[in-house]
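Residue numbers (mature numbering (1 follows the signal peptide of the UniProt record, and there is no 0)): -36 to -1, 1 to 51.
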């Protein structure tokens, strides 16, 4: 019984990890017409992953809504993610 729970937990963690990558790619990797300088880096995606899941999970995978949600909750963002949104 315990091994089934452990396997289910690992599968859930893997699924959440994949969702995090997809969500942050949607948020920070902008459409092709945007210059490479404006695209989100791996570091930026890493910085904001926890905040996306904590504050804006309901908007995954809608990039515009996630971005708006993070902007709306700017004061609640982690210091690392706040740096991503500092203009």
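Every residue gets a Cβ at the ideal spot worked out from N, C-alpha and C, and that includes glycine.
Checklist entry - Is it the case that the CB of residue 40 approaches a heavy atom of the ligand MG more closely than 7 angstroms? => result As presented, the structure is devoid of all ligands, the ligand MG included, so that no description of it is given.
Item to check | Secondary structure of residue 37, DSSP reduced to three states | outcome: Locating residue 37 in the chain shown gives position 73, where the first residue counts as 1. Coil at residue 37, not helix or strand.
Item to check | Three-state secondary structure assigned by DSSP to residue 24 | outcome: The residue given as residue 24 occupies position 60 in the chain shown. Three-state DSSP puts residue 24 in coil, outside helix and strand.
Item to check | N-terminal and C-terminal residue of the alpha helix (DSSP H) that residue 11 is part of | outcome: To locate residue 11, count along the chain shown from 1; it is residue 47. Residue 11 -> alpha helix (DSSP H) spans 6 to 19.
Item to check | Coil, strand or helix - residue 32 by DSSP | outcome: Walking along the chain shown from the start, residue 32 turns up at place 68. Three-state DSSP puts residue 32 in a helix.
Checklist entry - Among the residues of its own chain, which have a CB less than 8 angstroms from the CB of residue 34, if the five just before and after it don't count? => result Numbered from its first residue, the chain shown carries residue 34 at position 70. For residue 34, where only same-chain residues beyond five positions count, the Cβ hits under 8 angstroms are -10, 12, 15, 16, 19, 20, 41, 45 and 49.
Item to check | Buried or exposed (CB count within 10 angstroms, at least 16 for buried), residue 9 | outcome: Within the chain shown, numbered from 1, the residue matching residue 9 stands at position 45. Buried, by the Cβ-count rule.
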